[in-house]
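Some notes on the structure that comes next.
In this note's numbering, the protein residues as written are 438 to 903.
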């Protein structure tokens, strides 16, 4: 009993799994196409091949009837020209040797007496003539022809032709038609399966692309040629949507990482690159320089000539800074009139060279709306890892140096490694006032409280570049 239950459970599980797989197949595009083709062929094939077979059958039957009636007429002419009974008997015996005639007899119509007959089975009595193939259901076609004789008697020729060879030909035609129909159905299903597989593969690619786009992965282009107009149109629309999303994502990413006024990187983008630069420097041991730039007379120009002139001035400052730095460097606007330059692979000397070029560009006059404006700048330089071991220490060191440059009017100040006591933090802060940039915006990395309200060491003091 336990074995029967286990076997029954196994059979039930197998049946459920098979029904599930079959259901999935039938619900697929290829399965629906195959089912549709089967339904179409189930409706049309009987009509098509049935009609063809009917025509072939009627053709065979008509050909048989025409042939045997022509043969019977020829025989009647031969018998009518015969000289007597022996000649007629000889002709009938020769006719029986052909194999198509079942019987033949000459009958006197007045008394029904058989004048001459072939050996073998006799003609049916009473004799009835057939007018179409298979009329009597006895597989014989019966013909009666009047035959006048020379002695004045009215004779009648009775012939019976075998229908079996024609029926065999019709059966062979049926079998061949069935084989052709089966081959046609199989070939059609194979072609449908191949076409549906091609279309299904194309639809799968479209589905995968749509899922990738929905999940935010739209870097891979959808180049699809399925030779199916609807599928290609769907793929083209999806590719157009993907390109639109790529452009939109690029625009949003640019807006999220760049300052809208100057086109330079913004604070978030700068901090991300600074973090990456520190990580790369720790791996390779290659230093890099951080340069903070503050415009000296921007607030005065902005208040005197208006915000539009101030915005144009910031744009020209950004253009000059961008012209000085290298392709591998990063220029960012941190806020207000404060900028930051990340000089990858630069040591102290390399940083100073670029700082002098920046200062030279910013000391030159700016021509804005017919006004010749001189803004000037103060720069603080810090080099990783000599002036700080992390982002906060490096920025604070460069910021303190920039305040020192602004308070002394020397233009450029370079940090040097040292640890300031708590009292020096206040002194360092006093060098640049309250740590706020132009317009009252807080400066990046200005000295202040660390996590939990604890005062952190500035980690640097300043030295004037030679």
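A virtual CB, placed ideally from N, CA and C, is assigned to each residue, including glycine.
**OP:** Can you check the segment 708-776 for any beta strand (DSSP E) of at least 3 residues that lies completely inside it and give the ranges in chain order?
**Re:** Under the rule that a run must span 3 or more residues, the beta strand (DSSP E) segments found entirely inside the segment 708-776 read 725-732 and 767-772.
Subject >> Residues near residue 643 in its chain [Cβ-Cβ closer than 8 angstroms; skip 5 each side] >> reply: Within the chain shown, numbered from 1, the residue matching residue 643 stands at position 206. 659, 661, 668, 671, 672 and 675, listed in sequence order.
Original post:
With burial defined as no fewer than 16 other Cβ atoms inside 10 Å of the residue's Cβ, what is the status of residue 504: buried or exposed?
Top reply: The residue you call residue 504 lines up with position 67 of the chain shown. With fewer than 16 other Cβ atoms within 10 Å, it is exposed.
Original post:
Mind pulling the alpha helix (DSSP H) runs of 4 or more residues that sit fully within the segment 468-545?
Top reply: If you keep only unbroken alpha helix (DSSP H) runs of at least 4 residues inside the segment 468-545, you get 522-533.
Original post:
Any idea what DSSP makes of residue 583, helix, strand or coil?
Top reply: If you number the chain shown from 1, residue 583 lands on position 146. Under the three-state reduction of DSSP output, residue 583 falls in the strand class.
Original post:
Just the Cα atoms here: how many angstroms apart are residue 539 and residue 554?
Top reply: Residue mapping note: residue 539 aligns to position 102 of the chain shown, counting from 1. Residue mapping note: residue 554 aligns to position 117 of the chain shown, counting from 1. Each residue's Cα considered, the two are about 11 angstroms apart.
Subject >> Three-state secondary structure (DSSP) of residue 809 >> reply: Against the chain shown, residue 809 aligns to sequence position 372. Strand, per DSSP.
Original post:
If we ignore side chains and look at the alpha-carbon of each, how far apart do residue 499 and residue 629 end up?
Top reply: The residue you call residue 499 lines up with position 62 of the chain shown. The residue you call residue 629 lines up with position 192 of the chain shown. Counting only the Cα atoms, residue 629 lies some 40 angstroms from residue 499.
**OP:** On a CA-only basis, which of 735, 723, 753 and 729 is nearest residue 700? Give me that one, please.
**Re:** Along the chain shown, read from residue 1 onward, the residue named residue 700 stands at position 263. A check of alpha carbon separations from residue 700 across 735, 723, 753 and 729 identifies 753 as the nearest.
Original post:
So, is residue 477 buried or exposed, given that buried needs 16 or more other C-beta atoms within 10 angstroms?
Top reply: Translated into the one-based positions of the chain shown, residue 477 becomes position 40. Its Cβ having fewer than 16 others within 10 Å, residue 477 is exposed.
**OP:** Can you say whether residue 867 is buried or exposed, counting buried as having 16 or more other CB atoms within 10 angstroms of its CB?
**Re:** If you number the chain shown from 1, residue 867 lands on position 430. Residue placement at residue 867 cannot be trusted, given a pLDDT of 32 that sits under 50; what the coordinates show is reported in the next sentence. In the assembly as shown, residue 867 is an exposed residue. Its beta-carbon has fewer than 16 other beta-carbons within 10 Å.
Original post:
For the alpha helix (DSSP H) that residue 661 lies in, which residues bound it at each end?
Top reply: Sequence index remark: in the chain shown, residue 661 carries index 224 (1-based). Where residue 661 is concerned, there is no enclosing alpha helix (DSSP H), given that its DSSP letter is neither H nor E.
Original post:
Taking C-beta to C-beta, are residue 826 and residue 768 nearer than 8 angstroms?
Top reply: Position 389 of the chain shown, counting from 1, holds the residue named residue 826. Position 331 of the chain shown, counting from 1, holds the residue named residue 768. Going by beta carbons, residue 826 and residue 768 fall outside the 8 angstroms limit.
**OP:** Tell me whether residue 639 sits in a helix, a strand or coil according to DSSP, three-state version.
**Re:** The residue you call residue 639 lines up with position 202 of the chain shown. Three-state result, residue 639: helix.
Subject >> Top-ranked residue by Cα proximity to residue 584, from 606, 506, 546 and 572 >> reply: Counted from its first residue, the chain shown places residue 584 at position 147. It is 546 whose Cα lies nearest to the Cα of residue 584.
Original post:
What's the C-alpha gap between residue 793 and residue 803?
Top reply: Here residue 793 is taken as the residue at index 356 of the chain shown, counted from 1. Here residue 803 is taken as the residue at index 366 of the chain shown, counted from 1. If you take the alpha carbons of residue 793 and residue 803, they lie about 18 angstroms apart.
Original post:
Is it right to say residue 797 is buried, meaning 16 or more other beta carbons lie within 10 angstroms of its own, or is it exposed?
Top reply: Taking the first residue of the chain shown as 1, we reach residue 797 at position 360. In summary, residue 797 is exposed, with fewer than 16 beta-carbon neighbours lying within 10 Å of its beta-carbon over all protein chains present.
Original post:
For residue 599, which of helix, strand or coil comes out of DSSP?
Top reply: Numbered from 1 along the chain shown, position 162 holds the residue referred to as residue 599. Looking at residue 599 - three-state DSSP - the assignment turns out to be strand.
Original post:
Can you name the start and end residues of the beta strand (DSSP E) that residue 818 belongs to?
Top reply: Stepping through the chain shown from its first residue, residue 818 is reached at position 381. Residue 818 -> beta strand (DSSP E) spans 814-821.
Original post:
Does the Cβ-Cβ distance between residue 569 and residue 579 come in under 8 angstroms?
Top reply: On the chain shown, position 132 is the one that residue 569 refers to. On the chain shown, position 142 is the one that residue 579 refers to. Result no, Cβ atoms of residue 569 and residue 579 do not sit closer than 8 angstroms.
Original post:
So what's residue 706 in DSSP terms, helix, strand or just coil?
Top reply: Taking the chain shown and counting its residues from 1, the one referred to as residue 706 is at position 269. Note: residue 706 maps to helix in three-state DSSP.
Original post:
Between residue 679 and residue 653, what straight-line distance do the alpha-carbon atoms span, to the nearest angstrom?
Top reply: As a working note, residue 679 is residue 242 in the chain shown. As a working note, residue 653 is residue 216 in the chain shown. Straight-line measurement puts the Cα of residue 653 at about 10 angstroms from the Cα of residue 679.
Original post:
Hey, how far is the Cα of residue 596 from the Cα of residue 608?
Top reply: Taking the first residue of the chain shown as 1, we reach residue 596 at position 159. Taking the first residue of the chain shown as 1, we reach residue 608 at position 171. Linking residue 596 to residue 608 through their CA atoms gives a straight-line distance of about 25 angstroms.
Original post:
Is it right to say residue 724 is buried, meaning 16 or more other beta carbons lie within 10 angstroms of its own, or is it exposed?
Top reply: Stepping through the chain shown from its first residue, residue 724 is reached at position 287. The residue is buried, with at least 16 neighbouring Cβ atoms inside 10 Å.
**OP:** Kindly list the residues whose CB is nearer than 8 angstroms to the CB of residue 606, restricted to its own chain and excluding five residues on each side of it in sequence; keep chain order.
**Re:** Locating residue 606 in the chain shown gives position 169, where the first residue counts as 1. Excluding sequence neighbours, residue 606 sits near 497.
Subject >> Neighbourhood of residue 591 by C-beta distance below 6 angstroms, restricted to the same chain and skipping five residues each side >> reply: Locating residue 591 in the chain shown gives position 154, where the first residue counts as 1. Closer than 6 angstroms at Cβ, skipping near neighbours: 546.
Original post:
How long is the line joining the alpha carbons of residue 764 and residue 635, rounded to whole angstroms?
Top reply: Position 327 of the chain shown, counted from the first residue, corresponds to residue 764. Position 198 of the chain shown, counted from the first residue, corresponds to residue 635. Their Cα atoms are separated by approximately 48 angstroms.
Subject >> Helix, strand or coil at residue 593 according to DSSP, with G and I counted as helix >> reply: Here residue 593 refers to the residue found at position 156 of the chain shown. Strand.
Original post:
Should residue 650 and residue 682 be called a contact, given that it needs their Cβ atoms to be closer than 8 angstroms?
Top reply: Position 213 of the chain shown, counting from 1, holds the residue named residue 650. Position 245 of the chain shown, counting from 1, holds the residue named residue 682. Closer than 8 angstroms, so yes.
Original post:
Could you give the distance in angstroms between the alpha-carbon of residue 790 and the alpha-carbon of residue 737?
Top reply: In the chain shown, the residue the question calls residue 790 occupies position 353. In the chain shown, the residue the question calls residue 737 occupies position 300. Our two residues, residue 790 and residue 737, have alpha carbons roughly 29 angstroms apart in a direct line.
Original post:
How many Å lie between residue 531 and residue 495 at the Cα?
Top reply: Looking up residue 531 in the chain shown gives position 94. Looking up residue 495 in the chain shown gives position 58. Going by the C-alpha atoms only, they are around 30 angstroms apart.
Subject >> residue 615, DSSP secondary structure in three states >> reply: Position 178 of the chain shown, counted from the start, is the residue given in the question as residue 615. Looking at residue 615 - three-state DSSP - the assignment turns out to be helix.
**OP:** Can you have a look at residue 741 and say buried or exposed, based on whether 16 or more other CB atoms are within 10 angstroms of its CB?
**Re:** Indexing the chain shown from 1 puts residue 741 at position 304. So residue 741 ends up on the exposed side.
Subject >> Contacts around residue 809, its chain only, beta-carbon distance under 7 angstroms, and the 5 residues preceding and following it disregarded >> reply: Sequence index remark: in the chain shown, residue 809 carries index 372 (1-based). So the list reads 802, once near-sequence residues are dropped.
Subject >> Any chain D beta carbon closer than 8 angstroms to residue 772 >> reply: The chain labelled as chain D is not found in the depicted structure, where only one protein chain is given.
Subject >> Member of 689, 482 and 549 whose CA lies at the smallest distance from the CA of residue 616 >> reply: Here the question's residue 616 lines up with position 179 in the chain shown. Among 689, 482 and 549, the Cα nearest to that of residue 616 is on 482.
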